[in-house]
Each structure stands twice: as C-alpha cells, then as structure tokens.
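J.: I have a structure I would like to understand better, so I am pasting it below and will then ask my questions one at a time.
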Amino acid sequence: MGSPTYTVSMWFRKILVPIDGSENSMRALELAIDFSLRYGSRVTIFYACDRCNDKETLQKLVKEKIEDRIDYEFRSAEISRDSSISNEILKVLSEGVFDAVIMGARGNTTNSDINTGSNALSVVVNAPVTVIVVR
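Per full-length UniProt numbering, the sequence shown starts with residue 1, numbered consecutively.
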C-alpha cells in the first residue's frame, strides 16, 4: 500500500454545512469537523430559518459539538416568503467560493418512495459543487 495522498484536501478546501438542529445535520457537522482536522478544510455553518427564534440555541449546540477543535464561520439567513431553505443554501453557494456541501437529510418528503428530504434533494440536483448527504 502506498503513502497517503492529499488530493482530498484540494477537493474540500472550503465546506458549507447547512444545519437545522436535527440529528443528521449534526452528524454532517461532525463529518465536516473530521475533514477540517484531517485536511485543513475551512467550515462555514449555515442556518436558514423562518423567524430565526432558535438561532442562539443552535449556535450553542454547534459550539458544544465543535468543542474548539476547529475554527468555523456561522452564518444565518431569514427566509423570505418567496424563497425556501434549499434556495437559500443555493444562494450562499453562488455567493461564496465553496468546494463542497455536507448536509444531513431528514427524509421528510411527501413521496414515500423518495428516501431523501426535499431540501437535500434540491441541493443535490442544483448545487454546482460536490454534495455529501449524511443519513
């Protein structure tokens, strides 16, 4: 077996992690933390919300999960009436220079044949970068 290569570190220099406080989004954050520790990836955590009442609670949850292991940026955006969570994630992707998205999928779609949530599915289909979905 050869020595390890660090091609992965070039693919995942800047990672966007959309979170909503769910178990799967926190698992996605844990994966992003691992990428940051192993490959030096810079992590931006993004929370899109209707009224953003839980923002402080979610920031505390993120801080507890990260435990000062990595540096990160926390961003949030309030969703307007004519937008959606997935549109806000895609907007952040278009504004920033991200190499990948790591996100959780809750699977709360109305179609029981689809095992991925509508937000994750929309991001997978429309994102211009690599998307890793954590279940």
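Don't be surprised by glycine CBs; every beta carbon is placed ideally from N, CA and C.
Starting from Ile33, follow the alpha helix (DSSP H) in both directions and report where the run begins and ends.
T.: Counting from one through the sequence shown, the residue named residue 33 turns up at place 33. Residues Glu23 to Tyr39.
J.: Beta carbon of Ile89, beta carbon of Ala48: below 8 Å?
T.: For the purposes of this step, residue 89 is identified with residue 89 of the sequence shown, where counting begins at 1. For the purposes of this step, residue 48 is identified with residue 48 of the sequence shown, where counting begins at 1. Taking 8 Å as the Cβ cut-off, Ile89 and Ala48 qualify as a contacting pair.
J.: Is Ser86 near Ser122, with beta carbons less than 8 Å apart?
T.: Along the sequence shown, one-based indexing puts residue 86 at 86. Along the sequence shown, one-based indexing puts residue 122 at 122. Yes, these two residues count as a Cβ contact at 8 Å.
J.: For Met103, does the count of other Cβ atoms within 10 angstroms reach 16, so buried, or fall short, so exposed?
T.: Here the question's residue 103 lines up with position 103 in the sequence shown. Classification of Met103: buried, given that the 10 Å Cβ count is 16 or more.
J.: Whole angstroms are fine: how far does the CA of Ile70 sit from the CA of Ser36?
T.: As a first step, residue 36 is located in the sequence shown; it is residue number 36 there, counting from the start. As a first step, residue 70 is located in the sequence shown; it is residue number 70 there, counting from the start. If you take the alpha carbons of Ser36 and Ile70, they lie about 7 Å apart.
J.: Distance, Cα to Cα, Thr7 vs Ala120?
T.: Here residue 7 corresponds to residue number 7 of the sequence shown, with the count starting at 1. Here residue 120 corresponds to residue number 120 of the sequence shown, with the count starting at 1. Rounded to whole angstroms, Thr7 to Ala120 spans 26 Å at the Cα level.
J.: Can you name the start and end residues of the alpha helix (DSSP H) that Ser80 belongs to?
T.: Locating residue 80 in the sequence shown gives position 80, counting from the first residue. Element bounds for Ser80: n/a, residue is neither H nor E.
J.: Between the Cα of Arg135 and those of Ser25, Lys65 and Glu95, spot the shortest distance and give me the residue it belongs to.
T.: Here the question's residue 135 lines up with position 135 in the sequence shown. Measuring from the Cα of Arg135, the nearest candidate turns out to be Ser25.
J.: Run the CB neighbour count on Ser41, radius 10 Å, all protein chains shown included, and call it buried at 16 or more, exposed below.
T.: Working through the sequence shown from its first residue, we reach residue 41 at position 41. When all chains shown are included, Ser41 counts as buried.
J.: Count the other C-beta atoms from every protein chain shown that fall within 10 angstroms of the C-beta of Val125, then say buried if there are 16 or more, exposed otherwise.
T.: Against the sequence shown, residue 125 aligns to sequence position 125. Exposed, since its Cβ has fewer than 16 Cβ neighbours within 10 Å.
J.: Determine the DSSP secondary structure at residue 140, reduced to helix, strand or coil.
T.: Examination of residue 140 is not possible in this model, given that the chain is present from 1 through 135 alone.
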